[in-house]
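Working notes for the structure below.
Numbering (UniProt numbering), first residue to last: 1 to 669.
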């Protein structure tokens, strides 16, 4: 009724059934009785020829002899084919058969062929006709485009998409396509720089393996390579392995395989992990002593079940995949493995990072992030080219991430109770790094290096502030006013901690008995008191026991890291990165130094900040930045609590005009 009124009343057109309404913007779909209810107010529509009439005209034009006219018709057809209403009309006129014959004839090239394939794929994707109707000659022609060494990118992309749809939508066509296309030939398309071609090639390989019989999936790659007409280049072996492991869901098999505690071969892998970590130890004689030592070692390795660590791998996911990853790290990156295990097992402050538990949980997390074991999703655009740069990319990815986890654990000064918090931070670090699309594992390492715990806190704070509309000028001005107060609060806290004092270890020969010294700031902030101790103190040390002192007025400067005199003097310490990061020195008259090595990063930040505050310098530690962001955010939220759901104006309201007279009073009579 509407289109009839538009035709007759507005434009005086006869034959209203030959016209239809379409959206003027976007996909420009036809309006039907079923879709008219979806039209929103303000939507612009335009009058066009009906879908049936458009389909008839285009069908005639694509079969015309004029090349230019045929090209324009195919271009328009490729655009209209996405419309289900038009597609139905065109298919009812045997339009798909006409397009298939044009492809089979082999007379179309370049743009004309690309538009033909686009229209064909769009029409078939509506699901109006069955893919089983496709002829063998059509399949051969499409496969020929994929196998050609030099073919237009748009033609190759559409050919790969058509073959993928054939394989996924028809069991019969899978066998036909598998006879024409080998995985070895498709792997060649992964070496091009065009990411879309790589993605479509992977999608087709996924489809072939998804439809392959279960018993043939693992050997299908090798069979395809042997049966391929063209030899596979040696450098393709890397991609071949990665595809076999990542793309074809073979990881899922290991991920869903439980460990059998009675399987000696599987138990030997755990023994191997223990042997590599504690190679220097000699097994004691006697079953009970050996069992006790094994239990102790498995605890040091970080397993949850110290008596029988095989039980840790009975949960799926990650199942045996976690054990595979741990063994790869232990054998290929042995120094890293031993360092992680021994570094954490030797700690006495309950800050040890349990390697076994972390590796198992990390494997599960990586499977979730990369969606290992899930069916290919056409709507997902995640693509990680770095997995095509190494023959053991999955294992190397795990090795990078387990080192990240260990580093983050130390930065957070975490204990066993903080395990889930650490894993959440590590997940965020990995997902943020992957979102940057690193092209190699080395690039991934660089991205993760920049995403330390302090940076994650800063990013969270920044995003939270952005979400909370903290960028308006009044809010920024309020933040600038609050900041000096917060900095003063942090400064007082640092100075109070210096007044309480801290115990430091004396640097010397490790074989000798450890010696300690204590340093604290006087309550009037004018003198640093320090002195030697026989043992580590349990509480605050009185000033009377600290025989040496330095007036704050004599302090020239504070230096850190490799600039410290005691780091320059002892070359062994200079090579120790951990000690280097915790070292600082106080330089005072006459050219004397007081050298420190903080027990941990927290104490290092407290003391360097406090000493800088004493000298009237800026406190620049990571801890100060983190505290400043946290406290400012809390203070801002408290001050803005009464303004919740109220829009804060960008500029102050205008000052009203002065009254004409100031002689105004209120008459109480």
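A virtual CB, placed ideally from N, CA and C, is assigned to each residue, including glycine.
Keep in mind that this is a model prediction, so the values were computed, not measured.
Alpha-carbon spacing of residue i relative to residue j, whole angstroms
i, j, result
"residue 265", "residue 393", "25 angstroms"
"residue 205", "residue 480", "57 angstroms"
"residue 551", "residue 611", "12 angstroms"
"residue 224", "residue 189", "Unreliable placement is indicated for residue 224, whose pLDDT of 41 sits below 50; the coordinate value is still reported in the next sentence. Those two C-alpha atoms are separated by around 15 angstroms."
"residue 315", "residue 619", "48 angstroms"
"residue 553", "residue 577", "32 angstroms"
"residue 187", "residue 445", "27 angstroms"
"residue 416", "residue 496", "29 angstroms"
"residue 252", "residue 365", "14 angstroms"
"residue 268", "residue 292", "18 angstroms"
"residue 313", "residue 277", "19 angstroms"
"residue 29", "residue 62", "21 angstroms"
"residue 591", "residue 605", "25 angstroms"
"residue 661", "residue 654", "20 angstroms"
"residue 450", "residue 622", "13 angstroms"
"residue 673", "residue 602", "The question about residue 673 has no answer here: the residues shown for the chain are numbered 1 through 669."
"residue 556", "residue 412", "32 angstroms"
"residue 201", "residue 388", "13 angstroms"
"residue 226", "residue 181", "In this predicted model, residue 226 has a pLDDT of only 35, less than 50, meaning its place in the structure is not dependable enough to derive any value."
"residue 308", "residue 443", "39 angstroms"
"residue 390", "residue 484", "51 angstroms"
"residue 674", "residue 164", "Missing from the structure shown is residue 674; the chain here goes from 1 to 669 and no further."
"residue 369", "residue 428", "10 angstroms"
"residue 339", "residue 130", "60 angstroms"
"residue 41", "residue 419", "53 angstroms"
"residue 667", "residue 461", "56 angstroms"
"residue 333", "residue 400", "10 angstroms"
"residue 568", "residue 261", "53 angstroms"
Those residues which DSSP pairs with residue i across a bridge
i, result
"residue 586", "558 and 594"
"residue 502", "519"
"residue 110", "Its beta-bridge partners do not exist; DSSP assigns none."
"residue 390", "BP columns for residue 390 are empty, so no partner."
"residue 20", "48"
"residue 537", "DSSP lists no partner for residue 537."
"residue 528", "521 and 550"
"residue 30", "22"
Nearest-angstrom Cβ-Cβ length linking residue i and residue j, presumed shorter than 8 angstroms
i, j, result
"residue 162", "residue 121", "5 angstroms"
"residue 414", "residue 407", "Actually they do not touch by this definition, with Cβ atoms about 11 angstroms apart."
"residue 501", "residue 540", "7 angstroms"
"residue 126", "residue 87", "5 angstroms"
"residue 273", "residue 327", "7 angstroms"
"residue 402", "residue 358", "7 angstroms"
"residue 459", "residue 530", "Incorrect: roughly 39 angstroms between the Cβ atoms, too far for contact."
"residue 516", "residue 533", "4 angstroms"
"residue 648", "residue 536", "Contact flag wrong, Cβ pair sits at about 53 angstroms."
"residue 587", "residue 598", "With 8 angstroms as the limit, residue 587 and residue 598 do not qualify as a contact, their Cβ atoms being about 17 angstroms apart."
"residue 147", "residue 179", "So it is not a contact: roughly 12 angstroms between Cβ atoms."
"residue 547", "residue 565", "At roughly 22 angstroms, the Cβ-Cβ gap does not stay under 8 angstroms, so residue 547 and residue 565 are not in contact."
"residue 145", "residue 156", "6 angstroms"
Proximity below 8 angstroms, CB of residue i to CB of residue j
i, j, result
"residue 372", "residue 355", "no"
"residue 318", "residue 367", "yes"
"residue 504", "residue 596", "yes"
"residue 441", "residue 395", "no"
"residue 207", "residue 158", "no"
"residue 124", "residue 70", "no"
"residue 560", "residue 624", "no"
"residue 689", "residue 360", "Here the chain comprises residues numbered 1 to 669, so residue 689 is not present and cannot be evaluated."
"residue 59", "residue 19", "no"
"residue 116", "residue 108", "yes"
"residue 528", "residue 519", "yes"
"residue 457", "residue 426", "no"
"residue 636", "residue 482", "yes"
"residue 82", "residue 27", "yes"
"residue 128", "residue 173", "no"
- prompt: Are the region 431–441 and the region 383–401 touching by the rule of at least three beta carbon pairs closer than 8 angstroms?
  reply: yes
message: Can you confirm whether the region 293–302 touches the region 335–350 when touching is taken to mean that 3 or more C-beta pairs between the two stretches lie within less than 8 angstroms?
response: yes
message: Is it the case that the region 44–57 contacts the region 86–101, given that we only count it when at least three CB pairs across the two stretches are under 8 angstroms?
response: yes
Segment contact, 8 angstroms Cβ cut-off, at least three pairs: the region 190–197 with the region 166–174: no
message: Three Cβ pairs or more, each shorter than 8 angstroms: is that satisfied between the region 17–36 and the region 61–73?
response: no
field: At least 3 beta-carbon pairs within less than 8 angstroms: the region 130–143 vs the region 103–110
entry: yes
field: the region 625–633 / the region 479–493 touching (three or more Cβ pairs under 8 angstroms)
entry: yes
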